[in-house]
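**Student:** Per the working numbering, the very first residue in the sequence shown carries number 48; after that it's consecutive.
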Amino acid sequence: MRAPKQILQTPTSSPSADLAYQKAILRSVSRTFALTIPLLPANIEKVVGNTYLLCRIVDTIEDAADLSAQTKQLLSGLFLDAVLEKAPVETFVRPCLDALKNYNNPDELDLIANTPTVLRILHTCSSNDQEAVSRCVSIMSEGMSFFHGKQNQSGLQDLPEFEQYCYVVAGVVGELLTTIFGNHSPAFKKQMLGHEDLAIAFGQALQMTNILKDSPEDKARGVSWKPVNVSQSELFKIANQKLQDSLKYILLIPKQEQGMRRFCFLAFGLAVLTLSKISNCNEFANKDEVKLSRNTVMSFYGFTKWAVKSNILMKTFFYFSSRSLVK
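#1: Just to confirm the assignment, what range does the alpha helix (DSSP H) spanning Leu298 have?
#2: Does the stretch 195-203 come into contact with the stretch 88-96, if we say contact requires no fewer than three beta-carbon pairs (one atom in each stretch) closer than 8 angstroms?
#3: Which ranges would you report for the beta strand (DSSP E) in the stretch 307-341 if only whole runs of at least 3 residues count?
#4: Going by beta carbon distance, what residues of the same chain come within less than 6 angstroms of Ser60, once the five residues before and after it are set aside?
#5: Considering only the beta carbon of each residue, do Phe194 and Tyr212 sit closer than 7 angstroms?
#6: Looking only at C-alpha atoms, which of Glu243, Phe126, Ile247, Asn175 sits nearest to Ser192?
#7: If we count the other Cβ atoms within 10 Å of its Cβ and call it buried at 16 or more, is Gln120 buried or exposed?
#8: Tell me Leu203's beta-bridge partners as DSSP assigns them.
#9: Please state whether DSSP places Gly190 in a helix, a strand or coil.
#10: Pick out whichever of Asp113, Phe364, Ala252 has its Cα sitting closest to the Cα of Asp145.
#11: Is it buried or exposed, Thr363, if we count other Cβ atoms within 10 angstroms and call 16 or more buried?
#12: Reducing DSSP to helix, strand and coil, say where Ser357 ends up.
#13: Drop a sphere of 10 angstroms on the beta-carbon of Met239, count the other beta-carbons inside from all chains shown, and report buried for 16 or more, exposed for fewer.
#14: Kindly indicate which three-state DSSP category Pro85 falls into: helix, strand or coil?
#15: Quick check for students: name the residue ranges of the alpha helix (DSSP H) that lie wholly in the stretch 105-173, counting only runs of 4 or more.
#16: Between the stretch 342-359 and the stretch 271-283, do at least 3 Cβ pairs fall closer than 8 angstroms?
#17: Is Lys295 closer than 7 angstroms to Leu245 when the C-beta atoms are compared?
#18: Determine the closest residue to Arg78 out of Pro88, Gln288, Arg103, with distance taken between C-alpha atoms.
#19: Relative to the C-alpha of Phe139, which candidate in Asp292, Leu259, Leu101, Phe283 has its C-alpha closest?
#20: Should Ala248 and Lys289 be called a contact, given that it needs their Cβ atoms to be closer than 7 angstroms?
#21: Spatial neighbours of Ser75 within its chain, please: C-beta separation below 7 angstroms, excluding the five flanking residues on both sides.
#22: To the nearest angstrom, how far is the alpha carbon of Ser340 from that of Val215?
#23: My output table needs one value for Ser369: the three-state DSSP class, helix, strand or coil.
#24: Measuring alpha carbon to alpha carbon, tell me which of Ile168, His170, Arg141, Cys172 ends up nearest Asp157.
#25: Let me know if Gln204 comes out buried or exposed under the rule of 16 or more other beta-carbons within 10 Å of its beta-carbon.
#26: Would you give the residue range spanned by the alpha helix (DSSP H) that Glu264 belongs to?
#27: Look at the alpha carbon of Leu55 and the alpha carbon of Ser326, and state the distance between them as a whole number of angstroms.
#28: Does the beta-carbon distance from Asn175 to Asn90 come in below 7 angstroms?
Encoded structure:
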């Protein structure tokens with residue numbers, strides 16, 4: 048295993064060097080969000096990119112197959128204390144790297160080693176944005192810590208528990224985005240009044256896509272995040288409803304906010320295309336079998352530039368791309 052690179056983590060690190068690290072590591076840990084986040088206005092891009100990295104740290108702890116539920120809960124607590132400034136960040140970084148000594152993703156280990164850098168960036172954001180990020184990370188960290196103890200091969204006990212899991216992992220991110228977008232766009236904030244549930248559905252739809260896509264790998268490590276006694280076709284119907292609500296959410300974003308619209312529509316559209324590909328596979332043994340090709344991703348990326356200018360065009364895309372989800 049390669050040691051973490053600890054890029055730019057020095058006592059003399061400057062704000063510009065910190066931001067350079069954030070952009071570089073984002074490209075390393077997420078192909079999708081490295082495409083979507085730079086579409087946002089610069090002041091929103093910084094805080095959304097920062098939040099994604101904080102959430103990725105929480106996800107890394109969850110993904111560590113050889114850690115016990117108790118160790119994951121301990122590390123999640125240490126991380127949350129660092130984010131909320133209840134304890135020095137070093138009290139999280141070293142124990143986490145020690146616990147993950149057998150973890151085989153060097154980029155995610157590098158991110159954990161550079162948690163101080165990520166938190167320095169967070170503390171340059173507005174107080175309103177920092178408050179929203181702290182709320183999101185708190186709910187996600189505490190929620191995932193709760194679900195660490197529920198990991199098993201049979202799955203979650205029922206649909207309500209499945210919905211709750213999708214909320215603490217991603218629905219809360221939809222709420223965060225809505226708060227941050229509203230902090231920077233009065234027009235967006237006005238449009239979203241009374242439609243907060245759509246923000247949750249937006250995040251949950253993306254998470255359901257990940258659960259279905261990652262199910263072979265999860266099964267191999269003895270975990271399932273699907274609800275027991277719920278068929279695959281029923282899950283597709285639920286995901287399709289969440290996607291319908293997600294589109295309603297995107298359509299409420301004012302047209303002058305092209306960056307916000309494109310950010311959301313790109314993530315939404317890639318989820319639709321991925322779910323459609325999964326639904327057309329009877330079985331798949333590895334998520335790479337249903338992974339979208341780079342050509343598909345870049346073609347859709349180009350399409351979004353024009354689609355977000357037209358509500359009809361976005362609706363038409365969803366109509367034709369989601370038909371396989373409701374067989």
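For each residue, glycine too, the CB sits at the ideal point set by N, CA and C.
All figures in this text were calculated on a predicted structure; none of them were measured in a lab.
**Tutor:** Quick look at the numbers:
#1: 279-299
#2: no
#3: none
#4: none
#5: yes
#6: Phe126
#7: buried
#8: Pro274
#9: helix
#10: Asp113
#11: exposed
#12: coil
#13: buried
#14: helix
#15: 116-130, 137-146, 153-160, 162-169
#16: no
#17: yes
#18: Arg103
#19: Leu101
#20: yes
#21: Asp154
#22: 29 angstroms
#23: coil
#24: Arg141
#25: exposed
#26: 243-267
#27: Only weak support exists for where Leu55 lies, its pLDDT of 40 falling under 50; the coordinates are left without a value.
#28: no
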